[in-house]
Amino acid sequence: MNRPASPQPGDDGLRVVVVGATGNVGTSVVQACADSPAVASVLGIARRAPDWSPAKTAWETADIEPDGPDLVPLFAGADAVIHLAWKFQPTHDPAQTWQTNVLGSVRVFEAVAAAGVPVLVHASSVGAYSPGPKDTAVDESWPTHGWPQAAYTREKAYLERVLDAFEQSHADVRIVRMRPAFLFKRTSASEQRRIFGGRLLPGRLVRPGLIPAVPDLAGLRFQALHTDDAAAAYLAAVTRDVRGPFNLAADPPIDAEALAGLLQARRLSLPTAPVRAALAAAWRLHLVPASPDLFDAVLRLPLMDASRARTELGWQPRHTALQAVEAFLTGLREGAGMSTAPLAA
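Following my numbering, the numbering of the sequence shown begins with 879 at its first residue and continues without gaps.
Listed below in structure tokens is the structure:
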């Protein structure tokens, strides 16, 4: 089968559309594209226009959900579409997140094909992976069935199957699936606090020396990546003739010992069951937005081997995983954000 090549920039460079351009990942991807001499223009698509004007960037307001506007005119003439739009809440109504995350993503994929866009870069996730090891790293061939109880992982895994079928019927589209670890930067702190911790998380008190202990739970070992480093990989996926899935993660893996070091706290070994029960009770009372099912998924996620991204994308993270988490913790204490609706401080 003849496969499509990477788009070649014309005299002015590539035209890139970023869907979901104002959140944690979107703002970094838009900035990376705006800074790249290979990119002539960026069209950022979001539900609400931001008070932020990076170079070479224009904005369109649109919702990707089934009752949203036709996306084909927005994609017409683009050399690549980077799809990042995602809704994490409400976790108490998974049918609502399904409308955006699954049905909305299907609309994006179909519009890419209808508009004749040659490259689609899709934001998958480590959450798409089936439960796996914590003492060794898996490559992109690890099964992507997610953790079925959690809406986030279930939706990410389902879209992997959608793209499997889409690739078979649209050989003229070069499809790249990014599977990043947990993404952090300073200016994402306010958004991530609202999404996962809620208003009861004492952001200004999350500073070294003030938190006495970090819970040490079985399975609490995960990977992190600075969002700007993820954005560099997304840009490389547009400009290089690559396809398929790419794991994105920085070293070292984060565990209770690493978190305790960042917070100058001690480790406190705890059984998982009572911690989950407390989280479940708080979630049912709407005291915290993160569901206990997502907690279960995090404890089961595999560690990822990012060798393929380093080799084929020429990618190397500039920040360690510890630096990414530290940037987030700094932003949490400062109430940091950006002048976009999702990242508002």
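We put the CB at the ideal spot given by N, CA and C, even for glycine.
Beta-ladder partner(s) of residue i, from DSSP
{"i": "H1164", "result": "Looking at the DSSP assignment, H1164 forms no beta bridge with any residue, so it has no partner."}
{"i": "V894", "result": "V920, A958"}
{"i": "H1000", "result": "H961, R1055"}
{"i": "A1043", "result": "DSSP output for A1043 lists no bridge partner at all."}
{"i": "L1061", "result": "L1103"}
{"i": "A1202", "result": "Paired residue(s): none; A1202 is not in a bridge."}
{"i": "V1084", "result": "Partner(s): none; V1084 has no beta bridge."}
{"i": "L1172", "result": "For L1172, which the question treats as bridged, DSSP gives no partner whatsoever."}
{"i": "A1029", "result": "Answer is none; A1029 lacks a bridge partner."}
{"i": "A1015", "result": "L1181"}
Distance between residue j and residue i (C-alpha atoms, nearest Å)
{"i": "S1255", "j": "V1116", "result": "Look at the range of the chain in this structure, 879 to 1223, and you will see that residue 1255 is not part of it."}
{"i": "L1137", "j": "V1092", "result": "7 Å"}
{"i": "A883", "j": "A916", "result": "Note that A883 has pLDDT 44, beneath the 50 cutoff, so the model's placement of it is unreliable and the number below is only indicative. Cα to Cα, the separation comes out at about 16 Å."}
{"i": "A918", "j": "P996", "result": "16 Å"}
{"i": "A1109", "j": "R1144", "result": "34 Å"}
{"i": "G898", "j": "T905", "result": "9 Å"}
{"i": "T1022", "j": "V950", "result": "29 Å"}
{"i": "G994", "j": "R1039", "result": "22 Å"}
{"i": "M1216", "j": "V907", "result": "14 Å"}
{"i": "A1151", "j": "G1075", "result": "19 Å"}
{"i": "G1294", "j": "L1181", "result": "Residue numbering for the chain in the displayed model covers 879 to 1223; residue 1294 lies beyond these limits and cannot be assessed."}
{"i": "N979", "j": "K965", "result": "6 Å"}
{"i": "G1233", "j": "S1185", "result": "Since the first and last residues shown for the chain are 879 and 1223, residue 1233 lies out of range."}
{"i": "I1089", "j": "S1002", "result": "33 Å"}
{"i": "D929", "j": "P1149", "result": "46 Å"}
{"i": "D1133", "j": "D1094", "result": "8 Å"}
{"i": "A992", "j": "A933", "result": "28 Å"}
{"i": "T1256", "j": "G901", "result": "The question about residue 1256 has no answer, for the chain in this structure spans 879 to 1223."}
{"i": "S1147", "j": "G1097", "result": "12 Å"}
{"i": "A936", "j": "V1153", "result": "46 Å"}
{"i": "A1029", "j": "A963", "result": "16 Å"}
{"i": "L892", "j": "P1170", "result": "43 Å"}
{"i": "W1020", "j": "V1004", "result": "11 Å"}
{"i": "P1195", "j": "V903", "result": "15 Å"}
{"i": "Q1027", "j": "L1061", "result": "22 Å"}
{"i": "Q977", "j": "E1069", "result": "21 Å"}
{"i": "T975", "j": "W1193", "result": "32 Å"}
{"i": "D1245", "j": "T1189", "result": "Residue 1245 cannot be examined here, being either before or after the span of the chain that is shown, 879 to 1223."}
{"i": "E1212", "j": "E1033", "result": "32 Å"}
{"i": "L952", "j": "D1050", "result": "19 Å"}
{"i": "F987", "j": "P1086", "result": "44 Å"}
{"i": "D1107", "j": "V1120", "result": "18 Å"}
{"i": "V862", "j": "D890", "result": "No statement about residue 862 is possible, as the shown extent of the chain runs from 879 to 1223 and does not include it."}
{"i": "L1165", "j": "H1048", "result": "45 Å"}
{"i": "M879", "j": "V990", "result": "Summary for M879: the model assigns pLDDT 32, below 50, so the residue's position carries little reliability; its value from the coordinates is reported in the next sentence. Their Cα atoms are separated by approximately 21 Å."}
{"i": "K1224", "j": "A1202", "result": "The requested residue 1224 is not part of the displayed model; the chain covers only 879 to 1223."}
{"i": "Q1142", "j": "E1135", "result": "10 Å"}
{"i": "A954", "j": "G1139", "result": "50 Å"}
{"i": "W1220", "j": "P1130", "result": "Contrary to the premise, residue 1220 reads as Pro rather than Trp in this sequence. When rounded, the distance between both Cα atoms is 29 Å."}
{"i": "C911", "j": "V920", "result": "7 Å"}
{"i": "F1173", "j": "G946", "result": "32 Å"}
{"i": "E1084", "j": "R1071", "result": "The sequence shown places Val at residue 1084, rather than the Glu named in the question. Rounded to whole angstroms, V1084 to R1071 spans 12 Å at the Cα level."}
Cβ distance (whole Å) where residue i is taken to contact residue j below 8 Å
{"i": "A1067", "j": "F1206", "result": "5 Å"}
{"i": "F1124", "j": "E1018", "result": "7 Å"}
{"i": "A1223", "j": "A1214", "result": "6 Å"}
{"i": "G1024", "j": "A1006", "result": "6 Å"}
{"i": "P1167", "j": "I1053", "result": "Going by Cβ atoms, the distance from P1167 to I1053 rounds to 32 Å, so no, they are not a contact pair."}
{"i": "P1058", "j": "L1113", "result": "That belief does not hold up - the Cβ atoms of P1058 and L1113 are roughly 14 Å apart, past 8 Å."}
{"i": "V1111", "j": "A1199", "result": "Sequence check: residue 1111 is Ala here, not Val. 15 Å between Cβ atoms; not a contact."}
{"i": "L1191", "j": "R1118", "result": "6 Å"}
Distance cut-off 7 Å: residue i Cβ against heavy atoms of the ligand FMN
{"i": "N1125", "result": "With respect to small molecules bound, the structure shown includes none, and the ligand FMN cannot be examined in it."}
Chain B within 8 Å of residue i, Cβ atoms only
{"i": "L1210", "result": "Any reference to chain B falls outside this structure, which holds one protein chain only."}
Where in the stretch 917-995 do unbroken runs of the beta strand (DSSP E), each at least 3 residues long, occur, reported from the N-terminal end onward?
Listed in chain order, they are 917-924, 935-939, 958-961.
Counting Cβ pairs closer than 8 Å, one from the stretch 954-963 and one from the stretch 1143-1157, do we hit at least three?
Short answer: they don't touch.
Let me know the alpha helix (DSSP H) ranges lying completely inside the stretch 1086-1161, each 4 residues or longer, listed in chain order.
Entirely contained in the stretch 1086-1161, the alpha helix (DSSP H) runs reaching 4 residues are, in chain order, 1105-1117, 1134-1141.
May I ask you to verify whether the stretch 999-1016 touches the stretch 1165-1184, counting CB pairs closer than 8 Å and requiring at least 3?
Segments in contact, yes.
Taking 8 Å as the threshold, find out whether the stretch 968-980 comes into contact with the stretch 922-932 through three or more Cβ pairs.
Taking a cut-off of 8 Å for Cβ pairs, the stretch 968-980 and the stretch 922-932 do not touch, as fewer than three such pairs fall below it.
The stretch 940-949 in contact with the stretch 1099-1108 per 3-pair CB rule at 8 Å:
Contact between the stretch 940-949 and the stretch 1099-1108 is absent, with fewer than three C-beta pairs closer than 8 Å.
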